[in-house]
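Residue numbers (my numbering): 164 to 865.
Written out as structure tokens, the structure is:
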């Protein structure tokens with residue numbers, strides 16, 4: 164075969180070998196990154212549906228990626244064809260399923276145990292694909308004319324395709340059981356392509372000299388540490404920022420695959436962009452990193468639940484990952500050093516993920532990893548460009564220097580202003596754990612609140628307010644006001660009443676308690692009860708008997724926590740920012756609530772949401788389970804002051820007569836004229852968030 168510099172084009176055999184190997188790498192990456200959201204979906208009904216489930220999963224996947232790269236670094240070169248036998252091992256774990264019920268007392272340990280038992284082996288084996296394939300190509304007769312980084316681009320393109328396919332093509336049409344079967348078939352095809360690639364390439368044990376090109380590396384040659392530390396840092400910081408931005412968005416919008424995948428897809432897309440053609444990023448963009456970092460800090464200070472701000476977080480994530488990956492690309496080694504290069508990037512990714520998912524909730528009371536990660540990345544970029552920056556300023560025109568300096572000055576000033584606390588609000592307490600960040604904020608006295616108002620905030624979502632003046636402190640407010648759906652339902656319940664409330668918040672629902680009533684709250688976040696009792700008096704003021712049980716509401720009710728006595732009302736109000744965990748709105752979940760009801764009992768769902776119209780989901784489940792339903796949408800109430808809120812409640816009952824009193828109060832029954840979109844019922848096996856998202860957008864409410 165003639166070499167690549169002989170003027171002859173590639174032979175048909177070499178073209179076929181490259182095509183098969185590229186297909187093998189693409190499919191392996193596709194399977195690898197479609198496995199991630201599928202695993203998260205399998206775990207949600209078992210683990211309670213919090214964003215921490217996904218963050219820990221992501222950290223675990225980064226650890227398994229490191230394990231795969233470590234194998235490639237230490238053994239793949241010597242393994243040869245034996246590596247093909249390793250690909251058979253994951254078949255023992257397929258199709259993927261997680262049948263065990265975790266221990267609710269140790270959720271983190273249970274989560275790691277389930278991941279190790281059911282997911283670790285397939286994921287770790289697939290994570291070796293890109294590195295092993297590049298070694299095969301470099302050690303084959305084609306290695307001299309091969310750009311192994313093209314395979315790296317194919318790997319990232321496959322990863323991106325697998326991620327995007329899941330929420331838009333896989334989850335909307337296939338249940339989890341069907342997903343497992345299709346994924347298994349894809350893995351079999353992956354193994355066949357691996358065998359075909361080996362047979363076509365016949366890689367040797369030594370790398371041809373032609374595959375050792377001279378590669379420009381920004382760092383001077385010296386000790387290995389001087390090269391590995393930048394690889395490690397540039398792997399860790401984007402990974403940490405990925406998890407941080409994911410946390411910001413998922414806390415607000417809800418924790419499910421569509422939300423998980425957007426940040427991760429942008430993270431992977433940054434690799435594709437940088438590695439696609441071997442040129443990296445334009446130097447002008449790279450030199451604008453100070454402005455970009457200041458913009459990121461400003462965004463952190465101006466955090467808002469509005470869609471434009473969430474989109475801005477994603478944009479900042481993408482640009483910062485581009486900058487970090489461009490630096491990584493410019494530090495790439497010759498092919499002989501690729502396994503160490505990938506190993507350090509993977510190690511950095513695992514360390515960055517662990518720092519955010521495990522360390523940050525223990526160390527920080529707020530989301531301080533956001534600015535710390537941004538500043539750390541800025542320090543690394545500044546150090547790497549320490550030789551370029553003086554020349555850039557010297558060679559720039561006066562106009563360019565003026566624009567650059569003005570931009571930095573304006574952004575820096577805005578950051579300082581954004582860091583200045585608002586005078587009208589006083590933060591009384593801030594708590595953070597694995598479920599998110601809770602803040603208690605007190606608003607100064609005004610004409611509508613002589614002694615002020617105290618508010619509980621999770622992320623940026625209000626979870627309850629209370630007037631501090633004696634005359635109104637026992638009055639339910641905001642979503643739970645007497646003119647809202649909750650007030651209507653409590654007014655129609657016969658006394659004494661037995662109520663189960665999934666979600667505690669500030670405890671506002673307790674304001675409806677009467678002597679002889681019993682209200683059992685089920686709250687997954689232990690800090691919520693602490694805050695509700697310390698800063699709000701609803702639980703203490705009510706004459707009803709109050710019990711608070713710590714744990715996931717659905718799982719607690721199914722396990723009989725609090726006793727097996729039937730309830731007159733099951734009230735589902737478990738906010739996660741502005742999303743309700745999807746596992747609380749499946750047919751199996753609703754059936755579980757129904758089993759805990761007395762003969763004439765009601766189920767009430769609080770569905771107020773900025774991003775999703777969840778009425779179609781509950782209506783579809785009601786039809787599947789032969790339940791009757793009514794819905795009430797309430798506009799802003801002047802009694803809520805400056806908070807202009809629209810609330811949505813849906814009530815379900817097995818007996819139509821049980822809903823008659825609500826219909827008299829203006830609740831609209833489910834039917835063909837209710838204006839609610841059609842939807843396939845959600846189950847533990849099937850969830851499609853695109854329908855409620857589209858319904859919200861279609862109503863012009865997003």
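Even for Gly, the Cβ is constructed at its ideal location relative to N, Cα and C.
| Meets three-Cβ-pair contact criterion under 8 Å: the stretch 725-736 and the stretch 694-703 | Because the criterion of three Cβ pairs below 8 Å is not met, the stretch 725-736 and the stretch 694-703 do not touch.
* Asked: With residue 403 and residue 532 assumed to form a contact (beta carbons below 8 Å), what rounded beta-carbon distance in angstroms separates them?
  -> A Cβ-Cβ distance of about 7 Å is found for the pair residue 403 and residue 532, placing them in contact under the 8 Å criterion.
| Beta-carbon gap between residue 258 and residue 185 smaller than 8 Å | No, these two residues do not count as a Cβ contact at 8 Å.
Residue 850 to residue 218 span [Cα, whole Å] = When rounded, the distance between both Cα atoms is 20 Å.
According to DSSP, is residue 335 helix, strand or coil?
Coil at residue 335, not helix or strand.
Check your understanding: Counting Cβ pairs closer than 8 Å, one from the stretch 667-679 and one from the stretch 627-646, do we hit at least three?
Key -> Yes, the stretch 667-679 is in contact with the stretch 627-646.
| In the DSSP assignment, what residue or residues form a beta bridge with residue 664? | Partner(s): 684 and 734.
What span of residues does the alpha helix (DSSP H) with residue 365 cover, start to end? Annotation: residue 365 is outside any alpha helix (DSSP H) and is labelled neither H nor E by DSSP.
task: Report the residue ranges of all beta strand (DSSP E) runs contained in full by the stretch 622-664; include only those spanning at least 3 residues, in chain order.
output: Segments of the beta strand (DSSP E) lying fully in the stretch 622-664: 624-630.
- Query: Is it true that the stretch 783-801 meets the stretch 646-666, where meeting means three or more beta-carbon pairs spaced less than 8 Å apart?
  - Reply: Under the three-pair Cβ rule at 8 Å, the stretch 783-801 counts as touching the stretch 646-666.
Who are residue 769's beta bridge partners in DSSP? Residue pairing of residue 769 in beta bridges, as defined by DSSP: 812.
*asked:* Can you find the residues in the same chain that come closer than 8 Å, C-beta to C-beta, to residue 359, ignoring five residues on each side of it along the sequence?
replied: Around residue 359: 183 and 187.
Whose C-beta lies closer than 8 Å to the C-beta of residue 386 among residues of the same chain, with five residues either side of it excluded?
The predicted model places residue 386 with a pLDDT of 48, which falls under 50 and marks its position as unreliable; any figure quoted below should be read in that light. The beta carbon of residue 386 sits closer than 8 Å to none of the beta carbons in its chain outside the five residues before and after it.
Open item on the list: For residue 615, which residues in the same chain have their Cβ closer than 7 Å to its Cβ, ignoring the five residues on either side in sequence?
Closed with: Counting only Cβ-Cβ distances below 7 Å, and skipping sequence neighbours, we find 605, 606, 607, 608 and 631.
Practice item. Rounded to whole angstroms, what's the CA-CA distance from residue 704 to residue 633? Just pull it up for me. Key: Taking the CA atoms as reference points, residue 704 sits about 11 Å from residue 633.
| request: Look up residue 153 in the DSSP assignment and say whether it is helix, strand or coil. | output: With the chain running from 164 to 865 in the structure shown, residue 153 is simply not present.
Discussion item. I'd like to know if the stretch 709-721 and the stretch 743-753 are in contact, where contact means that at least 3 CB-CB pairs between them fall below 8 Å.
Written reply: Three or more Cβ pairs drawn from the stretch 709-721 and the stretch 743-753 lie within less than 8 Å of each other, which places the two stretches in contact.
- Classify residue 376 as buried or exposed, calling it buried when 16 or more other Cβ atoms lie within 10 Å of its own Cβ. Residue placement at residue 376 cannot be trusted, given a pLDDT of 38 that sits under 50; the coordinates are not used to answer.
**Asked** If you draw a straight line from the C-alpha of residue 380 to the C-alpha of residue 287, how long is it?
**Response** Since pLDDT at residue 380 reaches only 37, below the 50 mark, its modelled position is unreliable, and no value is offered.
Handout entry: Sequence-distant residues of its chain with Cβ nearer than 7 Å to residue 626 (five each side left out)
Key = Here the set comprises 619, 620, 668, 669 and 738.
Anyone know if the C-beta pair for residue 477 and residue 408 falls short of 8 Å?
With respect to residue 408, residue 477 sits close: the two C-beta atoms are nearer than 8 Å.
| request: Grab the span of the beta strand (DSSP E) containing residue 605 for me, first residue to last. | output: From DSSP, the beta strand (DSSP E) with residue 605 extends over 599-606.
At least 3 beta-carbon pairs within less than 8 Å: the stretch 749-761 vs the stretch 686-693: The stretch 749-761, when compared against the stretch 686-693, does not touch it at the 8 Å Cβ threshold.
Return the residue from the list 282, 297, 725 and 197 that minimises the CA-CA distance to residue 497. Cα-wise, what sits closest to residue 497 is 297.
Under the rule that 16 or more other beta-carbon atoms within 10 Å means buried, what is residue 837, buried or exposed? Taking all protein chains shown into account, residue 837 has fewer than 16 neighbouring C-beta atoms within 10 Å of its C-beta and is therefore exposed.
query: In whole angstroms, what is the alpha-carbon distance linking residue 833 and residue 794?
result: Taking the straight line joining both Cα atoms gives about 7 Å.
(request) Return the bridge partner residues of residue 620 from the DSSP annotation. (result) 602 and 625.
Alpha-carbon to alpha-carbon, residue 778 and residue 816 = The alpha-carbon separation between residue 816 and residue 778 amounts to approximately 15 Å.
Three or more C-beta pairs closer than 8 Å, one from the stretch 214-229 and one from the stretch 340-356: is that the case here? At 8 Å Cβ cutoff, the stretches do not touch.
ask   = Since residue 712 sits in a beta bridge, which residues does DSSP pair it with?
value = Among the bridge pairs identified by DSSP, residue 712 is matched with 685.
| Just to check, is the beta-carbon of residue 429 closer than 7 Å to a non-hydrogen atom of the ligand GDP? | Questions concerning the ligand GDP fall outside what the structure shown contains, since it holds no ligand whatsoever.
Check: What's the gap between the Cα of residue 679 and the Cα of residue 656?
Finding: Whole-angstrom Cα-Cα distance: 13 Å.
Q. Which partner residues of residue 760 appear in the DSSP bridge assignment?
A. 730.
*Per DSSP, residue 792 forms a beta bridge with which residues?*
DSSP output for residue 792 lists 815 as bridge partner(s).
Can you find the residues in the same chain that come closer than 7 Å, C-beta to C-beta, to residue 210, ignoring five residues on each side of it along the sequence? The answer, listed in chain order, is 216, 265, 270 and 274.
Q. Considering residue 433, what are the terminal residues of the alpha helix (DSSP H) in which it resides?
A. Boundaries of the alpha helix (DSSP H) around residue 433: 420-438.
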